[in-house]
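Number of protein chains: 2
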Amino acid sequence: MAFIKIPTKGMRDLGPRDMLLREYVLGVMKDTYQDYGFELIETPCVEHIENLTNKVGGDNEKLIYKVLKRGEKLDFDNASKVDDLVDSGLRYDLTVPLTRFYANSMNELQSPFRSFQTGRVWRADRPQKGRYREFVQCDLDIFGEKTNLAEIELMSAVITFLKKLNFEGFQIRINDRRILKKMVLFCGFLESDADSILISLDKLDKIGMDGVYDELIRHGYEMDKVNKFLGFFCENLSLEEFCLQFQMDEDVVKNLREIMNYTKEVTGASLFFDPTLVRGMGYYTGPIFEIMVSDYASSIGGGGRYDEMVSKYANVSVPACGFSVGFERLIMLLEERGFEVPLTKKRVAIVIQEKNTDVFLKARSMRDENMIVKVVYRSKNYKHQKEVLEANGYHILEM
Amino acid sequence: MAFIKIPTKGMRDLGPRDMLLREYVLGVMKDTYQDYGFELIETPCVEHIENLTNKVGGDNEKLIYKVLKRGEKLDFDNASKVDDLVDSGLRYDLTVPLTRFYANSMNELQSPFRSFQTGRVWRADRPQKGRYREFVQCDLDIFGEKTNLAEIELMSAVITFLKKLNFEGFQIRINDRRILKKMVLFCGFLESDADSILISLDKLDKIGMDGVYDELIRHGYEMDKVNKFLGFFCENLSLEEFCLQFQMDEDVVKNLREIMNYTKEVTGASLFFDPTLVRGMGYYTGPIFEIMVSDYASSIGGGGRYDEMVSKYANVSVPACGFSVGFERLIMLLEERGFEVPLTKKRVAIVIQEKNTDVFLKARSMRDENMIVKVVYRSKNYKHQKEVLEANGYHILEM
Chain D
288 MAFIKIPTKG MRDLGPRDML LREYVLGVMK DTYQDYGFEL IETPCVEHIE
338 NLTNKVGGDN EKLIYKVLKR GEKLDFDNAS KVDDLVDSGL RYDLTVPLTR
388 FYANSMNELQ SPFRSFQTGR VWRADRPQKG RYREFVQCDL DIFGEKTNLA
438 EIELMSAVIT FLKKLNFEGF QIRINDRRIL KKMVLFCGFL ESDADSILIS
488 LDKLDKIGMD GVYDELIRHG YEMDKVNKFL GFFCENLSLE EFCLQFQMDE
538 DVVKNLREIM NYTKEVTGAS LFFDPTLVRG MGYYTGPIFE IMVSDYASSI
588 GGGGRYDEMV SKYANVSVPA CGFSVGFERL IMLLEERGFE VPLTKKRVAI
638 VIQEKNTDVF LKARSMRDEN MIVKVVYRSK NYKHQKEVLE ANGYHILEM
Chain R
288 MAFIKIPTKG MRDLGPRDML LREYVLGVMK DTYQDYGFEL IETPCVEHIE
338 NLTNKVGGDN EKLIYKVLKR GEKLDFDNAS KVDDLVDSGL RYDLTVPLTR
388 FYANSMNELQ SPFRSFQTGR VWRADRPQKG RYREFVQCDL DIFGEKTNLA
438 EIELMSAVIT FLKKLNFEGF QIRINDRRIL KKMVLFCGFL ESDADSILIS
488 LDKLDKIGMD GVYDELIRHG YEMDKVNKFL GFFCENLSLE EFCLQFQMDE
538 DVVKNLREIM NYTKEVTGAS LFFDPTLVRG MGYYTGPIFE IMVSDYASSI
588 GGGGRYDEMV SKYANVSVPA CGFSVGFERL IMLLEERGFE VPLTKKRVAI
638 VIQEKNTDVF LKARSMRDEN MIVKVVYRSK NYKHQKEVLE ANGYHILEM
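Going line by line, the protein sequences match chains D and R. Residue 581 in this note's numbering sits at position 294 of the first sequence; the count goes up by one each step and never skips. Residue 327 in this note's numbering sits at position 40 of the second sequence; the count goes up by one each step and never skips.
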């Protein structure tokens, strides 16, 4: 069979220049998150097909890379459908394996457990600019902390990470799923309609208030209720004023205000209450948040509280809260903004015409002094060789 | 469908303790290899099935995790065999994607190119102690350096890495494929028999000299020739004395001697010529080497020159040489030897009964001073909580 030189569809090779930036960002992230006591874990890329197709993953479940059974278990002749041939798949996010890991290992872990996971995930999505079928996710989660200490520490860790990168111009939108739900009920909708209504509201950024209105009407909701519901969003009110309109539970308001105040005071970051923030995933149960930047339409990270998730998987109730940074988007933005990785080590190319022991001893001692050193033979076109080395940051030492 | 809490067969979750060691070792490795000018690259985990099944991978090709086609391309009804449903698979090593990457990108890379790749690979092997179906490989390779400068720099980088870990008691065996081939011909075997004879010799560690003899006779080789061939290995001779017996090309001997001398002088490591070293992979063309340790039967790393590999894939001839450390084996040995990761940062748990700004400001300033700090609520069983925190290296600060 022919050898194919390009990567598989929608995937990419990452060369030295790509990796320099990615490793730097990942290094700053690891360092920061570890300072907050988050502990790195890793889970297999291959997950049970049962765990990937249990409806919690929503649309992602349509995009799974499925893995064939192996050996005797792979019985093509007696298979009546494709799924008879499959026992596993590539993970489409880090949340499914994290929850599996936590359910399986919780007795050996500290409680509360501060988890940090980074790794590749796969989705057979339509490839487009900046969207790949294999990409890196970076998830922070706290299990077992029911108070907003979890939210405050998560926020603070992520903001500190972005600040250490000198990443400017981001703001954090914050809301609470319970506020959205209360509004829906207060306007006279049924509780069972809440998800559908919030899915429409979530499109506000894309289709505008008129678009949301049209969609809700098209879905058959009464005009009076829709007007009442969308009317809340027209005035620019503080969290407290906003919530007063529909007699929101004061504890929820106070909880959110605390998260905002503490995070502002400790990090200096810009946070604001945004009642239109929904976030897609259905599993959120409390505060939700998202990082937005001025020069990019989508968010570059977000998260929230999902207290009922672990119990769905594992028959035990554990409060949980997570914050995930969109690693690929962050890298893309840093590249677009012309971010330069600080080169802390001096680079030296020792150019030789003949080997001798002194060359290698010199290289060793320079490496011991924290320099990057490579020994290379002088090539026929030395002028060109020098140019390439210097363009790559190498100083030349002829020996 | 039921939720499954354990990982897929032969794979494992890596918890905080596992990750602490692995991250430390990987950090030392990255630091060391980068000091030698090796540049990190990454390739997709999913590779074209054509590239994985082109016979270069030997037995590994039987162990591939195959990935189903997706969407319309997945046509179960018209498939006459399983392979009609497959377009890709998980990589079983890093060499196949590295060669693909190099063939695809060589015009944009420095020459010689010093490549460093680390990542997960998958083999559906029978799981056993210390052998998993998903594991990490770490490969160093130099493309475009035809002289033994490549071998010397690779050896030196790997040895320096092991020394930085204070990893004691390793030796490096070294040989050259051309010496083995010359011996085979000198004894009167056909060139086409060389691979088969070397495969038998490669079993020396496991079945002993008598076992190798029996196997060669069983394979139908003449007793005279077998005796002559194996006779060479009975005396303990220097490289030069050994090679004199069958009029080995002096350049090959000199080349190997240089590698040994320079590496010894520069690193102080223990190297020795071992004429029985074969190494399994058929693609080696010159010097080969392997790291052995006293407390483990198999090697913990190895490599060699494979000048004809790139041309097989990419229609262009590029000299190449690689050295790979068996990451999982190294981790296993470090654990068995009781290796302790040096904890460079002080760990503090701020235990609170109530939140206030001072708590978070204190945490921030301690993190700025390079400490690991987590803020936790005092639990009902404070005695137990303290014990667990202290067992995890945390100092307690009550606030």
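Where a beta carbon is used, it is the ideal one built from N, C-alpha and C, also for glycine.
Pick from the options that is closest to residue i, judged by C-alpha positions
{"i": "Leu361 (chain R)", "options": "R:Tyr352, R:Asp374 and R:Gly613", "result": "R:Asp374"}
{"i": "Phe290 (chain R)", "options": "D:Phe363, D:Glu685, D:Pro384 and D:Lys356", "result": "D:Pro384"}
{"i": "Ser392 (chain R)", "options": "R:Phe520, R:Phe430, R:Gln424 and R:Gly417", "result": "R:Phe430"}
{"i": "Met470 (chain D)", "options": "D:Phe519, D:Leu503 and D:Asp371", "result": "D:Phe519"}
{"i": "Met496 (chain D)", "options": "D:Tyr508, D:Glu509 and D:Val513", "result": "D:Val513"}
{"i": "Leu472 (chain D)", "options": "D:Leu339, D:Lys541 and D:Phe533", "result": "D:Phe533"}
Cβ-Cβ distance between residue i and residue j below 8 Å
{"i": "Phe422 (chain D)", "j": "Ile328 (chain D)", "result": "no"}
{"i": "Ile461 (chain D)", "j": "Pro574 (chain D)", "result": "yes"}
{"i": "Leu488 (chain D)", "j": "Thr386 (chain D)", "result": "no"}
{"i": "Met298 (chain D)", "j": "Val628 (chain R)", "result": "no"}
{"i": "Tyr593 (chain R)", "j": "Tyr570 (chain R)", "result": "yes"}
{"i": "Asn657 (chain R)", "j": "Lys632 (chain R)", "result": "yes"}
{"i": "Leu441 (chain D)", "j": "Leu427 (chain D)", "result": "yes"}
{"i": "Met579 (chain R)", "j": "Gln458 (chain R)", "result": "yes"}
{"i": "Thr572 (chain D)", "j": "Tyr664 (chain R)", "result": "no"}
Interface flag, residue i vs chain R, CB-CB below 8 Å
{"i": "Gly573 (chain D)", "result": "no"}
{"i": "Leu526 (chain D)", "result": "no"}
{"i": "Thr330 (chain D)", "result": "yes"}
{"i": "Lys353 (chain D)", "result": "yes"}
{"i": "Pro303 (chain D)", "result": "yes"}
{"i": "Ser375 (chain D)", "result": "yes"}
{"i": "Leu361 (chain D)", "result": "yes"}
{"i": "Tyr379 (chain D)", "result": "no"}
{"i": "Lys667 (chain D)", "result": "no"}
Residue i - containing alpha helix (DSSP H), residue span
{"i": "Gly324 (chain D)", "result": "Careful: Gly324 (chain D) lies outside any alpha helix (DSSP H) and carries neither H nor E."}
{"i": "Arg505 (chain R)", "result": "Leu491 to Arg505"}
{"i": "Lys661 (chain R)", "result": "No alpha helix (DSSP H) holds Lys661 (chain R); the beta strand (DSSP E) holding it covers Ile659 to Tyr664."}
{"i": "Val451 (chain D)", "result": "The identity of residue 451 (chain D) in the sequence shown is Lys, whereas the question assumes Val. Segment Leu436 to Lys451, the alpha helix (DSSP H) holding Lys451 (chain D)."}
{"i": "Ala366 (chain D)", "result": "Here Ala366 (chain D) belongs to no alpha helix (DSSP H), and DSSP marks it neither H nor E."}
{"i": "Met547 (chain D)", "result": "Glu537 to Thr554"}
{"i": "Phe403 (chain D)", "result": "Looking at the DSSP string, Phe403 (chain D) is not in any alpha helix (DSSP H); the run it does join, the beta strand (DSSP E), is Phe400 to Trp409."}
{"i": "Ser483 (chain D)", "result": "Ala481 to Leu488"}
Minimum Cβ-Cβ distance from residue i to chain D less than 8 Å
{"i": "Tyr311 (chain R)", "result": "no"}
{"i": "His506 (chain R)", "result": "no"}
{"i": "Thr644 (chain R)", "result": "yes"}
{"i": "Gly324 (chain R)", "result": "yes"}
{"i": "Lys368 (chain R)", "result": "yes"}
{"i": "Arg401 (chain R)", "result": "yes"}
{"i": "Arg407 (chain R)", "result": "yes"}
{"i": "Glu685 (chain R)", "result": "no"}
{"i": "Val499 (chain R)", "result": "no"}
{"i": "Glu552 (chain R)", "result": "yes"}
Range of the contiguous beta strand (DSSP E) that encloses residue i
{"i": "Asn462 (chain D)", "result": "Phe457 to Asp463"}
{"i": "Leu396 (chain R)", "result": "Segment: none, Leu396 (chain R) is in no beta strand (DSSP E) and carries neither H nor E."}
{"i": "Gln424 (chain D)", "result": "Glu421 to Phe430"}
{"i": "Ile639 (chain R)", "result": "Arg634 to Ile639"}
Proximal residues of chain D, C-beta to C-beta of residue i below 7 Å
{"i": "His671 (chain R)", "result": "Chain D residues near His671 (chain R): none, gap ~10 Å exceeds 7 Å."}
Under 8 Å by beta carbon: chain R residues contacting residue i
{"i": "Asn338 (chain D)", "result": "Phe290 and Ile291"}
{"i": "Leu335 (chain D)", "result": "Here residue 335 (chain D) turns out to be His, not Leu, going by the sequence shown. By Cβ distance, chain R contributes Ile291 and Thr295."}
{"i": "Ala601 (chain D)", "result": "Phe290 and Lys292"}
{"i": "Tyr549 (chain D)", "result": "Lys642, Thr644 and Phe647"}
Contact set between residue i and chain D, taken where Cβ atoms lie within less than 9 Å
{"i": "Ala390 (chain R)", "result": "Phe290 and Lys292"}
{"i": "Asp300 (chain R)", "result": "Ile328, Glu329, Thr330, Pro331, Pro384, Arg387, Phe388, Asn391 and Ser392"}
{"i": "Arg357 (chain R)", "result": "Leu350, Ile351, Tyr352, Lys353 and Ala411"}
Any non-hydrogen atom of the ligand MN closer than 7 Å to residue i Cβ
{"i": "Cys530 (chain D)", "result": "This structure lacks the ligand MN; in fact it carries no ligand of any kind."}
Interface residues of chain R facing residue i [CB-CB closer than 9 Å]
{"i": "Glu440 (chain D)", "result": "Phe647, Ala650, Lys661 and Val662"}
{"i": "Gln321 (chain D)", "result": "Lys632 and Ile659"}
{"i": "Glu627 (chain D)", "result": "In chain order: nothing, as chain R lies at least about 17 Å away."}
{"i": "Thr434 (chain D)", "result": "Lys642 and Tyr664"}
{"i": "Leu656 (chain D)", "result": "According to the sequence displayed, residue 656 (chain D) carries Glu and not Leu. None at all; the shortest Cβ gap to chain R is about 10 Å."}
{"i": "Glu421 (chain D)", "result": "Pro331, Cys332 and Val333"}
Where residue i meets chain D, residues with beta-carbon distance less than 8 Å
{"i": "Gln397 (chain R)", "result": "Val675, Leu676 and Asn679"}
{"i": "Met306 (chain R)", "result": "Glu326, Leu327, Ile328 and Glu329"}
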